[in-house]
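The block underneath contains the structure these notes are about, expressed in structure tokens.
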Amino acid sequence: MGWALHQAGRRHSPLSVLYVPDFSGTGDERTLDPGMAEQGQKELEASLDHLGGGSRTSVHTVEPEESTAEAIRARALDDRDGLVVVGPLDTNTLVRLIFGSD
Amino acid sequence: MVVVPRSAWCTAPPRSTPATVTVGFHGSDQAVDALAWAVAEADRRNGVVRAVMAWYEGDYGGLGGPVAVKARPSPLVGPSADKMAADSLTRCGVPTDRVSAIARRGMPSSVLTREASGTDLLAVSAGQSDVHGHRALGAVTLACVARSPVPVVIVPGHTGAHPA
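Just so you know, the sequences run in chain order A and B.
According to the working numbering, the first sequence holds residues 1 to 102 in order.
According to the working numbering, the second sequence holds residues 103 to 266 in order.
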């Protein structure tokens, strides 16, 4: 996130942060404890403030029924000049993010 | 799509002066897309682009994979190789005042990650191919993601050079 904030500053771009909570279960079965999600989002926003990016960032929390890859793609594809920043991912997730649901 | 290596997560990224975007280039349509994206990104950063061509002259040993490169002189080294790379850019209509080109011998992923070290970004084409009806990332792209010391931008082809 620090790298992304730095790049957003360098490009004079806003930063949209996608918060992926710790879900229970996987796929269609995954669920989310609302208390944990709220706590996690608060911690994330505190981190953003600490890094100095609070005012130019927006945070979206991924819902249990939402595909993380599709949530990223839905926000990224509208912005042709934007960058999608991720940490190291497994190959399958990378392919889904870049090419869609394939 | 930018994949940021773990080593770059929490530290202030090294800042080359001017900002330098390294891009892998081998003349394919996808590589031209990646180059176009790199040029646009360098514009946004008031920086420059370093296009790197790599080639491997060794023998591929079938199931065993690549074997040692034969120690033989090659005309494709040094200034002549760099000129060849620059000529390739010119043929693609790239503005060479802000793009420098170099050519290096070696395994492409090794050359690209080595040359990208100390620059701001490494841009590569997705190197996509269809495997049994499913799209897949190219081997060089995946190797760059795994090994690069700097963030790697993967530029899919046929998208107007949008990175994701």
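We put the beta carbon where it would ideally sit given N, CA and C, even for glycine.
- With fewer than three CB-CB distances shorter than 8 Å, the segment 249-257 of chain B does not count as touching the segment 36-47 of chain A.
- Chain order gives no chain A residues near residue 154/B, where near means a beta carbon separation below 8 Å; the closest approach is about 21 Å.
- Counting only Cβ-Cβ distances below 7 Å, residue 95/A has contacts in chain B at 237, 238, 239, in chain order.
- Against chain A, a Cβ distance below 7 Å from residue 228/B picks out 98.
- Rounded to whole angstroms, residue 75/A and residue 119/B show a C-alpha spacing of 31 Å.
- Residue 232/B carries a strand assignment under DSSP once its states are collapsed to helix, strand and coil.
- Rounded to the nearest whole angstrom, the CA to CA distance from residue 141/B to residue 243/B is 19 Å.
- Taking 8 Å as the CB threshold, residue 204/B stays off the interface with chain A.
- In this structure, the alpha-carbon of residue 125/B lies about 43 Å from that of residue 33/A.
- Within chain B, the residues placing a beta-carbon under 9 Å from that of residue 88/A are 105, 106, 107, 108, 247, 248, ordered along the chain.
- With a 10 Å radius around the Cβ and a threshold of 16 neighbouring Cβ atoms, residue 46/A comes out exposed.
- Residue 67/A carries a coil assignment under DSSP once its states are collapsed to helix, strand and coil.
- The bridge partners DSSP lists for residue 60/A are 18/A.
- Look at residue 36/A here: in three-state DSSP terms it is helix.
- Secondary structure note for residue 13/A: it is in no alpha helix (DSSP H), with a DSSP letter that is neither H nor E.
- Taking a Cβ-Cβ threshold of 9 Å, the residues of chain A close to residue 244/B are 91, 94, in chain order.
- In terms of beta-carbon proximity, residue 258/B lines the interface with chain A, with at least one pair separated by less than 8 Å.
- Ranked by Cα distance from residue 198/B, the options 150/B, 231/B, 238/B, 225/B are led by 150/B.
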